[in-house]
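> One structure, as structure tokens, below. Some questions next.
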Amino acid sequence: MTAYKYKAIDKKGKIQRGRIDSGTVQDAEQRLGKMDLDVIALNVEKHDSSLLRKKVSRKDIIDFTFHMEQLIKAGVPILDAISDLRDSYPANSQLKVVTAALAEDIQSGKNFSQALAVHPSIFGEVYVSTVRVGEQSGKLHQVLAELAEMLEWQDDLTTQAKKIMTYPIIALTVINGVITFLMTMVVPDLVTFIKSIGMEIPPLTQALIDTSDFLINYWYILIITIVTVIALTIISHKKIPKVRRFFDKIFITMPLFGAIVLKLKISRFTKYFALMYASGITVLETLEMCKSVVRNMVIEEAIELARTQISEGEGISSSFANVGIFPPFVIRMMSVGETGGGLDESLYNISHFYTKEAKAGIDKIEPMVIPLLTLVVAALLIWIVLAVIPPIFDIVSKLGTM
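Using my numbering, you'd call the opening residue of the sequence shown number 9 and step up by one each time.
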């Protein structure tokens with residue numbers, strides 16, 4: 009598939025610009041024509057411009073899934089449903105391009121899940137597999153309803169996860185701002201005064217002076233170092249498995265935030281597990297796909313170990329108990345669901361419980377941010393006071409004896 013940039017006129021006579029993936033120029037022109045666009049210009053997209061491509065957001069996918077569920081439930085054929093959605097999207101919408109491609113693939117003989125599988129960056133493996141099971145079971149609209157609900161839940165979960173990471177970033181930013189202001193604006197004037205007296209400078213005061221001088225004269229080295237460390241950490245996390253595992257373990261074990269992150273990961277895992285299991289996908293296939301949704305190497309390894317034990321004949325709950333990372337509550341609920349024949353319901357309950365627990369943990373952290381910042385800033389001020397006041401008192405006492 010080649011990416012093309014197009015300029016076209018829509019039915020209202022307005023100029024529309026966008027991109028479309030297609031095998032040939034002729035094919036791209038035909039697809040744009042089906043979108044009621046008269047092509048003015050059509051050029052191969054340069055590689056560098058791929059960074060500027062419009063992405064399909066999760067909210068777009070939720071909207072698409074919800075409307076497909078409603079249309080199919082009402083008895084509208086899949087091709088007609090997709091065509092209706094295609095026509096409802098703005099001409100410059102990436103989702104219009106995607107739905108046009110889906111409609112074309114279905115017209116050519118593919119079923120819905122096969123057409124979705126052509127776009128793995130938009131419709132992931134879990135999404136496609138679940139739709140495939142829905143097609144085979146004749147319960148496609150129920151599966152789409154569950155997918156839409158799960159995607160909305162995942163969107164909320166992502167918001168919660170971002171909220172967790174926002175607090176440390178805010179705290180560090182404020183603290184760095186205070187340090188920079190004090191060391192570059194306040195301390196130099198105080199130090200100039202002390203030096204002008206010509207007295208001996210105490211070690212604590214000298215440390216303050218050295219820190220201030222470094223920030224004023226070599227601030228760029230500090231920034232370069234911080235940026236380099238962050239960049240190397242991100243690259244290493246993506247490229248080196250041992251580094252990724254090291255940081256992923258820290259994420260779920262660090263004080264205060266680790267327990268919340270682990271609860272969010274378990275909530276996501278059990279939600280996907282429940283959805284796919286309820287749809288009729290086998291346990292082993294479900295666990296294989298669930299590894300990719302937790303996005304934590306330590307938990308991925310635990311799921312794979314449990315999956316291996318299950319494939320060897322071990323029970324589901326006992327296999328997860330053996331890996332040692334899942335809390336007793338998870339194991340207990342799995343055991344109840346496994347023995348009672350309601351595993352999917354138990355998994356949904358686990359997910360719901362840990363979502364609430366994670367949110368409660370985040371709500372507890374919020375009131376702690378301001379006091380923590382206050383303590384850090386107070387500690388910095390105390391250091392400055394202890395470094396500056398004694399020399400001033402010494403000067404005053406000497407003047408008093410003169």
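Ideal Cβ placement from N, Cα and C applies to all residues, glycine included.
Just tell me which of K273, Y285, M284, D35 has its CA closest to the CA of A310.
In the sequence shown, residue 310 corresponds to position 302, counting from 1. Among K273, Y285, M284, D35, the Cα nearest to that of A310 is on K273.
> Please return the same chain residues whose Cβ sits closer than 7 Å to the Cβ of G345, not counting the five positions on each side in sequence.
Start at 1 with the first residue of the sequence shown, and residue 345 comes out as number 337. Contacts found: L351, E353, S354, L355.
> With DSSP as the reference, please indicate the residues paired to I28 in a beta bridge.
Taking the sequence shown and counting its residues from 1, the one referred to as residue 28 is at position 20. Y12.
> Pull the bridge partners of V52 from the DSSP assignment, please.
As a working note, residue 52 is residue 44 in the sequence shown. Answer is Y12.
> Is the segment 286-294 close to the segment 357-370, with three or more CB pairs under 8 Å?
Judged by Cβ distances under 8 Å, the segment 286-294 makes no contact with the segment 357-370, as fewer than three pairs qualify.
> Within the chosen definition, does the segment 393-402 reach the segment 374-382 through at least 3 CB pairs nearer than 8 Å?
Counting Cβ pairs under 8 Å, fewer than three are found: no touch.
> Measuring only the C-alpha atoms, how far is E133 from V269?
Against the sequence shown, residue 133 aligns to sequence position 125. Against the sequence shown, residue 269 aligns to sequence position 261. So the alpha carbons of these two residues sit roughly 24 Å apart.
> Quick check on the burial criterion: 16 or more other C-beta atoms within 10 angstroms. Buried or exposed for D88?
The residue given as residue 88 occupies position 80 in the sequence shown. D88 comes out exposed.
> Can you list, in chain order, the residues of its chain whose CB lies under 7 Å from that of A282, leaving out five sequence neighbours each side?
Here the question's residue 282 lines up with position 274 in the sequence shown. D352, L355, Y356, S359.
> Beta-carbon within less than 7 Å of L212's beta-carbon, same chain only, minus the 5 sequence neighbours each way: which residues are those?
Stepping through the sequence shown from its first residue, residue 212 is reached at position 204. Only L394, A395 meet the Cβ criterion.
> For my contact list, K81 and H127 are in at a C-beta cut-off of 8 Å; report their separation, rounded to the angstrom.
Locating residue 81 in the sequence shown gives position 73, counting from the first residue. Locating residue 127 in the sequence shown gives position 119, counting from the first residue. That belief does not hold up - the Cβ atoms of K81 and H127 are roughly 23 Å apart, past 8 Å.
> Quick one: Cα of V105 to Cα of F120, how far?
Along the sequence shown, one-based indexing puts residue 105 at 97. Along the sequence shown, one-based indexing puts residue 120 at 112. In a straight line, the C-alpha of V105 is about 16 Å away from that of F120.
> Based on the DSSP secondary-structure assignment, which residues constitute the bridge partners of D46?
Here residue 46 is taken as the residue at index 38 of the sequence shown, counted from 1. For D46, which the question treats as bridged, DSSP gives the partners I17.
> Give the range of the alpha helix (DSSP H) segment to which E133 is assigned.
The residue you call residue 133 lines up with position 125 of the sequence shown. First-last of the alpha helix (DSSP H) with E133: 133-145.
> Hey, would you say I300 sits closer than 9 Å to E308, going by beta carbons?
Along the sequence shown, one-based indexing puts residue 300 at 292. Along the sequence shown, one-based indexing puts residue 308 at 300. In the sequence as presented, Ile is not what sits at residue 300; that position holds Ser. Contact: yes.
> Can you find the residues in the same chain that come closer than 7 Å, C-beta to C-beta, to I248, ignoring five residues on each side of it along the sequence?
For the purposes of this step, residue 248 is identified with residue 240 of the sequence shown, where counting begins at 1. Counting only Cβ-Cβ distances below 7 Å, and skipping sequence neighbours, we find nothing.
> Could you give the distance in angstroms between the alpha-carbon of L264 and the alpha-carbon of I390?
On the sequence shown, residue 264 is found 256 positions in, with the first residue counted as 1. On the sequence shown, residue 390 is found 382 positions in, with the first residue counted as 1. Distance between the alpha carbons of L264 and I390 is about 26 Å.
> So is D56 buried or exposed if we call it buried at 16+ other beta carbons inside 10 Å?
For the purposes of this step, residue 56 is taken as residue 48 along the sequence shown, with counting starting at 1. With a pLDDT of only 38 at D56, under the threshold of 50, the placement of this residue in the model should not be trusted; the figure read from the coordinates follows. Exposed is the call here.
> Can you tell me whether DSSP reads I2 as helix, strand or coil?
Residue coverage of the chain in this structure runs from 9 to 410, which leaves residue 2 outside it and unanswerable.
> Closest to P331 by CA distance: which of T166, K250, A314, T347 is it?
Taking the first residue of the sequence shown as position 1, residue 331 is located at position 323. In the sequence under discussion, the amino acid at residue 331 is Val, which differs from the Pro named in the question. That would be A314, whose Cα lies nearest to the Cα of V331.
> Out of K13, Y14, F401, K15, which one is the CA nearest neighbour of M209?
One-based indexing of the sequence shown puts residue 209 at position 201. Residue identity differs from the one stated: residue 209 is Ile in this sequence, not Met. Checking every option, the nearest Cα to that of I209 belongs to F401.
> In the DSSP assignment, find the unbroken alpha helix (DSSP H) run with F334 in it and report its ends.
In the sequence shown, the residue the question calls residue 334 occupies position 326. Element bounds for F334: n/a, residue is neither H nor E.
> Under a Cβ-count criterion, where at least 16 other Cβ atoms within 10 Å of its own Cβ denotes burial, should P336 be classed as buried or exposed?
Walking along the sequence shown from the start, residue 336 turns up at place 328. Label assigned to P336: exposed.
> How about Y135 and I69: are their beta carbons less than 9 Å apart?
Indexing the sequence shown from 1 puts residue 135 at position 127. Indexing the sequence shown from 1 puts residue 69 at position 61. Yes, the pair counts as a contact, with Cβ atoms nearer than the cut-off.
> Return the residue from the list R276, E112, V33 that minimises the CA-CA distance to L159.
As a first step, residue 159 is located in the sequence shown; it is residue number 151 there, counting from the start. Taking only the C-alpha atoms, the option nearest L159 is R276.
> Taking the alpha carbon of L124 as the point to measure from, which residue in M376, G117, Q115, L110 has its own alpha carbon closest?
Taking the sequence shown and counting its residues from 1, one reaches residue 124 at position 116. When each option's Cα is compared against that of L124, the closest is L110.
> Output the distance between the C-alpha atoms of Q34 and R27, rounded to the nearest integer angstrom.
Numbered from its first residue, the sequence shown carries residue 34 at position 26. Numbered from its first residue, the sequence shown carries residue 27 at position 19. For Q34 and R27, the distance between alpha carbons rounds to 15 Å.
> Buried or exposed, going by whether 16 or more other CB atoms sit within 10 Å of the CB of E374?
Against the sequence shown, residue 374 aligns to sequence position 366. Counting Cβ neighbours within 10 Å, E374 comes out exposed, since fewer than 16 surround it.
> How many Å lie between G348 and A366 at the Cα?
If you number the sequence shown from 1, residue 348 lands on position 340. If you number the sequence shown from 1, residue 366 lands on position 358. One C-alpha to the other measures close to 28 Å.
> Quick check: what's the CA-CA separation for G323 versus M376?
Translated into positions along the sequence shown, residue 323 becomes position 315. Translated into positions along the sequence shown, residue 376 becomes position 368. Using only the alpha carbons, I get a separation of about 43 Å.
> The ligand GDP and E77: does the residue's C-beta get closer than 8 Å to at least one heavy atom of that ligand?
Inclusion of the ligand GDP in the displayed structure is not the case, the ligand content being empty and no account of it being possible.
> Tell me which residue opens and which closes the alpha helix (DSSP H) that R66 is part of.
Stepping through the sequence shown from its first residue, residue 66 is reached at position 58. Looking at the DSSP string, the run of the alpha helix (DSSP H) that includes R66 is 66-81.
> Report all residues from its chain with a CB closer than 6 Å to the CB of N304; omit the five preceding and five following residues, and keep chain order.
Taking the sequence shown and counting its residues from 1, one reaches residue 304 at position 296. Once the five neighbours on either side are set aside, the close Cβ partners of N304 are D256, K273.
> Determine the contact status of R66 and Q162, defining contact as a CB-CB distance below 9 Å.
Within the sequence shown, numbered from 1, the residue matching residue 66 stands at position 58. Within the sequence shown, numbered from 1, the residue matching residue 162 stands at position 154. Going by C-beta atoms, R66 is nearer than 9 Å to Q162.
> Less than 6 Å between C-beta atoms, sequence neighbours within five positions excluded: which residues of the same chain meet that for T32?
As a position in the sequence shown, residue 32 is number 24, starting the count at 1. Closer than 6 Å at Cβ, skipping near neighbours: no residue.
> Taking the CB atoms as reference points, tell me whether I48 and A16 lie closer together than 9 Å.
Position 40 of the sequence shown, counted from the first residue, corresponds to residue 48. Position 8 of the sequence shown, counted from the first residue, corresponds to residue 16. Yes, these two residues count as a Cβ contact at 9 Å.
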